[in-house]
Amino acid sequence: PMVITKREQGGVVILDLEGEIRRSDTAGVSVHQYVKEQLEAGKRDLLLNFGNVPFIDSFGIGEILASYISTQNTGGRLKLTGISKRLFLVFQVTQLTRVLDIQDSEEKALASFPKS
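The numbers in the working numbering rise by one with no breaks, and the one at position 41 of the sequence shown is 1176.
This is the structure:
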């Protein structure tokens, strides 16, 4: 099952995702649900770290898109980092690279959030 670890740096909530993001893992907390909880807690700058995600299916893509939409609707910012070439291909095929803010590294991603 997917494991989500939360840490914070400079006002940005970093969610370290670990495991495959797929429909069969509905027993665990969904990425979208976790993102919504952060937004409800007043967090607006979110970074999803895919460094330990070997696989994502269409359900997972939907989760990421739903997370992006929820974040946009609350005036927040959602960025992604740690995406492998294989995952990046999935995001490209689904045209999500045009929508999502995908950063090369955690450092670059953190630096790209506006300083409050």
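Glycine residues also receive a C-beta, built at the ideal position from the N, C-alpha and C atoms.
Residues of its chain near residue i, where Cβ-Cβ distance is below 7 Å and the 5 sequence neighbours each way are ignored
i, result
"Gly1195", "Ile1156 and Arg1157"
"Ser1202", "Val1166, His1167, Val1170 and Leu1213"
"Gly1138", "It is Val, not Gly, that sits at residue 1138 in the sequence shown. Answer for Val1138: Glu1153 and Gly1154, listed in chain order."
"Glu1198", "Ile1156, Ser1165, Val1166 and His1167"
Range covered by the beta strand (DSSP E) that runs through residue i
i, result
"Glu1153", "Val1147 to Glu1153"
"Gln1230", "Careful: Gln1230 lies outside any beta strand (DSSP E) and carries neither H nor E."
"Phe1185", "Asp1180 to Asn1187"
"Ile1214", "A quick correction: the sequence has Lys, not Ile, at residue 1214. It spans Arg1212 to Thr1216 - the beta strand (DSSP E) in which Lys1214 sits, taken as one unbroken run."
"Ile1139", "Val1138 to Gln1144"
For residue i, the first and last residue of its enclosing alpha helix (DSSP H)
i, result
"Leu1235", "Premise fails: Leu1235 is in no alpha helix (DSSP H) and is neither H nor E."
"Gly1195", "Ser1193 to Asn1208"
"Lys1171", "Val1166 to Glu1175"
Residue i vs residue j beta-carbon contact at 8 Å
i, j, result
"Phe1248", "Val1170", "no"
"Leu1200", "Leu1215", "no"
"Gln1144", "Leu1245", "yes"
"Arg1233", "Gly1211", "no"
"Val1225", "Ile1191", "yes"
"Leu1253", "Val1188", "Not covered by the structure: residue 1253. The range shown for the chain is 1136 to 1251."
Cβ-heavy atom distance, residue i to the ligand ATP, below 7 Å
i, result
"Arg1158", "Judged by which ligands are present, the structure shown has none, so any question about the ligand ATP falls away."
Proximal residues to residue i (C-beta, below 6 Å), its chain only, five neighbours per side dropped
i, result
"Arg1142", "Ile1149"
"Thr1140", "Asp1151"
Close beta carbons around residue i, own chain, < 8 Å, minus the five adjacent residues each side
i, result
"Ile1237", "Lys1214, Leu1215, Thr1216, Ile1218, Phe1223 and Phe1226"
*Do three or more CB pairs link the stretch 1144-1152 to the stretch 1180-1191 at distances below 8 Å?*
yes
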